[in-house]
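Residue numbers (the working numbering), protein chains in the order written: chain A, 606 to 1155; chain V, 606 to 1155.
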């Protein structure tokens, strides 16, 4: 049987990365990530791939290989493991972060987590798996070389090529160059996230230096907001703070937890034993001795940074003389929330630095020139861009074609790619889907429910209760009218009274027979009220009439 | 009496620009704009200032001065004119665009529109009003010099300093420099929109040249999307198309209407009489002879551009060989919608150019160096930044202070600034508000309603109807359960059945007396169902129980 490669998520979207490799004897997954909901997914916590498509391959499913510890690569693993009891392979930090997630689902005891080296090589069913280190915005990242009867396959995971990485372990260019010289690489699957950025990404060390300058020059406290998974950058903050005689107070649950995990795994070290400062003691120190390191860089409304800016945080209130640094990307969709927190920081008197005006953030993904290095180094016969919106995949494919890769193709979620004798062909499409996770429900919130939620959010609802006698058709009770999200309490009495009259008139106008048919009179009431609200207010609330027959 | 200046909108936000000047004898407004809703304003069409605060000044309200024809400067004029019958002063194009709006409210007949020259000077009550031309992303823009007993005041409107403006009329630097040399300017109110951008804004001519190159080189059709009010740029498209032997098909209602208005007012001219191409004939021409000029640059889901990308437009379907150009800003909040339309354009086979990767858009607002020119030229004694988020106003104030303006201050909406004998003081705050416009309702959708809509959008609703005998407390009907936005139709039967049982059990558990009190049993049902859904689904739908007593 040929090798089948099927992206379950992440090809045609940002997040929810997961890719199946199945040679008919064994199958494995690279990553099981989640996607954060966009603003059309009302009330949805997050989105995961539909792992139900793996059922057919369940018996030969040999394991899950993780590339790194970001949510869009590990965040759906708990849902995968609930259905399939398979071992999970990852580096220490990746598994450490996964463990936090599994604890939330009470799965930490049952899961079989296998720690691998960043350059480890091991057997997984019929596959020879070789990890190789990659630099990214979280430590301990890897890509994978998979070898099976049908060829040699390289998956980069998320990567950049940083010449001076904070942990001293560069992306494995030497290993990949040697691979290409010794073996023919059948296909390369490479990270497309930053294909639209020209040139090279900046090294992480730039940010450390920029922060160091800020810590030196700032007249008072410096409040740095970032993602708590960016362990390298947290290390950079600690080192820079130590250099300039500042101590660091950690804010935000995940910040405190991830620092503890990274320290216990040796992924981070304290430059001075007393560098960390309990947040409740921050006010006791002179302002120039304090750095506050917090989550909330995306302007999340209840995050520590927002509360600090609004003066509602328990320990830290932003004031004149503070410098706030957003050391993170403005993630598309969050711009308004981020702008809002920046405005509040300014209004509270702080100076604010962020990636648009200062070098306080660098990306963890390869820019165009680095993508070219990867393609040029691996010299694959086939090229499949991974991770990103369709336009990124198309641009990345075009780049590979320009570089002379013989077969560069775009695949989207569900596309079945077959590799046999070093040749790729397309074998149709797997009906991959996605599940919306809302509370305990997985997949029961569908487009149907979201459509209702959307409609309710735009127009509100009007509920009518009317009880009729089943014998005479006379009104026994009502009409009772309840609205939500249509009218204010004050000044809406006239509108409600008018609606009540409309219902009574509809009842009067209907024949005696119709009055005995709740379904028919419900339809009439709905139609009449729709007309009424549209004419009176130019609004079209959801109308829910309940006509009882007694 | 001193002159009172009060911003009614636009100071502390983007949009809804309106500023009151009131010297006790006469009062006038500069602009009456709307704001587009952000994603927290569910179902809101747009937002306008609360002009109710003008009631006290109504008798001396002498007129509305418009700076230019963008919605955030003229879009609330219809609502102002409904309440106050005052004359409106504006240049020909500004009034032409206002007329479109007034027609929609059946106000076009009644309104007193007074056409002014771009460098006109006239009396308005106790004020001497002098308009001066400014360059912006719409033609026919002006700023105003207001003179009254309390001083000389300059309001820039929205402006940039373009050395080679498309209509040949530069921002009135000579006039303003002469003003400063002849008279002492008491206060300058200046556009803060782009204070975060270093250097100079690029001239509009750059875009014309970039488009010309694209029209020359593109292998097939070119589809250009932009705001239909950007008359200069539309002119640029027509001229560039004529130069390269292409004809231009207009798509989108406002595009067709604004071109007609601009042509009739002489703000635009056709480079060739046959340059415009009926859109239904576009397919008959060779692809290299066609430009499609359309709205939809913000990724609006039902716009012409989106329909073209999805293959759902009546006349134009995007295909391999097309080049799409988004000649506009990525407005914050719209990034995801814009990314979505770009993805669909790519998937349909088009090449896509936009401001992030190509010089196909320039801003209509002054960058930092131009803002410095304005301040340096006008040499005001006081400086009040206008138009923008708090952080822009604060940065712009800091810039003025660095430049040595004696009194630079931030004012926010409602702040009362008093000028007497050339001195400014603060005289408290006017309770300015904003009205959400939703259909015909103005101001009846308040935070209360939006909170309900938000809650419904996140969690949906569960409605329960139960009829009890008023004498025995026995159940005569129900419980009937209707949900919206909580559960799907399929697979939710068990949840609904469970909810029904909970209601019956609640009824059973309540004492005989409670059964006769609908309010009490309603509360019990709400509480029980809230617990039930939270436990079963970790969701908290809005629960609306109706208990009838018969």
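Just so it is clear, CB atoms sit at the ideal spot from N, CA and C, and this is done for glycine as well.
Chain A partners of residue 948 of chain V, CB-CB under 7 Å?
-> 994, 995 and 996
Is the distance from the Cβ of residue 934 of chain V to the Cβ of residue 968 of chain V below 8 Å?
-> yes
Kindly indicate which three-state DSSP category residue 895 of chain A falls into: helix, strand or coil?
-> strand
Going by other Cβ atoms of all chains shown within 10 Å of its Cβ, with 16 needed for buried, is residue 927 of chain A buried or exposed?
-> buried
Return the CA-CA distance between residue 1033 of chain V and residue 644 of chain V, expressed in angstroms with no decimal places.
-> 31 Å
Whole angstroms is fine: what's the gap from residue 952 of chain V's alpha carbon to residue 811 of chain V's?
-> 29 Å
Local conformation of residue 749 of chain A per DSSP, three classes = strand
Ignoring anything shorter than 4 residues or poking outside the stretch 906-988 of chain A, list the alpha helix (DSSP H) runs there in chain order.
-> 909-915, 940-952 and 973-983
Using a Cβ cut-off of 7 Å, pull out every chain V residue sitting near residue 1057 of chain A, in sequence order please.
-> 1065, 1089 and 1090
Relative to the alpha-carbon of residue 1024 of chain V, which residue among V:704, V:754, V:684 and V:614 has its alpha-carbon at the smallest distance?
-> V:754
Opposite residue 1149 of chain V in the DSSP bridges: which residues?
-> V:1068
Counting pairs of beta carbons, one from the stretch 1009-1016 of chain A and one from the stretch 795-814 of chain A, are three or more of them closer than 8 Å?
-> no
Evaluate residue 789 of chain V with the Cβ neighbour count: other Cβ atoms within 10 Å of its Cβ, from every protein chain shown; 16 or more gives buried, anything less gives exposed.
-> exposed
Span of the beta strand (DSSP E) holding residue 597 of chain A?
-> Absent from the model: residue 597 of chain A. The displayed extent of chain A is 606 to 1155, so no value can be given.
Following the continuous alpha helix (DSSP H) through residue 609 of chain V, name the residue where it begins and the one where it ends.
-> Premise fails: residue 609 of chain V lies in the beta strand (DSSP E), 608-614, not in any alpha helix (DSSP H).
Whole-angstrom Cβ separation of residue 998 of chain A and residue 702 of chain A, contact assumed at under 8 Å?
-> With a Cβ gap of about 27 Å, residue 998 of chain A and residue 702 of chain A do not count as contacting.
Taking 8 Å as the CB-CB limit, is residue 923 of chain A close to chain V?
-> no
Does the Cβ of residue 606 of chain A have 16 or more other Cβ atoms within 10 Å, making it buried, or fewer, making it exposed?
-> exposed
Examine the Cβ distances between the stretch 909-921 of chain V and the stretch 831-842 of chain V and report whether three or more of them are shorter than 8 Å.
-> no
Three-state secondary structure (DSSP) of residue 795 of chain V = strand
Do residue 1060 of chain V and the ligand MG come close, with the Cβ less than 7 Å from some heavy atom?
-> Among the components of this structure there are no ligands whatsoever, and the ligand MG is therefore not found.
Could you work out which residue in A:888, A:959 and A:1064 is closest to residue 924 of chain A when comparing CA atoms only?
-> A:888
Span of the beta strand (DSSP E) around residue 720 of chain A | 718-720
Should residue 1117 of chain A go down as buried or exposed, given a rule of 16 or more other Cβ atoms within 10 Å for buried?
-> exposed
Consult DSSP for residue 1142 of chain A and reduce its assignment to one of helix, strand or coil.
-> helix
Sort V:744, V:667 and V:676 by Cα distance to residue 727 of chain V and report the nearest one.
-> V:667
On a CA-only basis, which of A:637, A:664, A:732 and A:806 is nearest residue 706 of chain A? Give me that one, please.
-> A:637
In whole angstroms, what is the alpha-carbon distance linking residue 906 of chain V and residue 912 of chain V?
-> 8 Å
Can you tell me which of A:766, A:1063 and A:846 puts its alpha carbon nearest to the alpha carbon of residue 746 of chain A?
-> A:766
Any beta-carbon of chain A closer than 8 Å to the one on residue 820 of chain V?
-> no
Comparing alpha-carbon positions, which option in A:814, A:651, A:808 and A:1071 lies nearest residue 1124 of chain A?
-> A:1071
Is the shortest distance between the beta-carbon of residue 1044 of chain A and the beta-carbons of chain V less than 8 Å?
-> yes
Around the Cβ of residue 714 of chain V, are there at least 16 other Cβ atoms within 10 angstroms (buried) or fewer (exposed)?
-> exposed
Could you tell me which residues DSSP puts in a beta bridge with residue 621 of chain V?
-> DSSP, once it has assigned bridges, lists no residue as partnering residue 621 of chain V.
In three-state DSSP terms, what is residue 1059 of chain A?
-> helix
Please report how far the alpha carbon of residue 634 of chain V lies from the alpha carbon of residue 648 of chain A, in whole angstroms.
-> 42 Å
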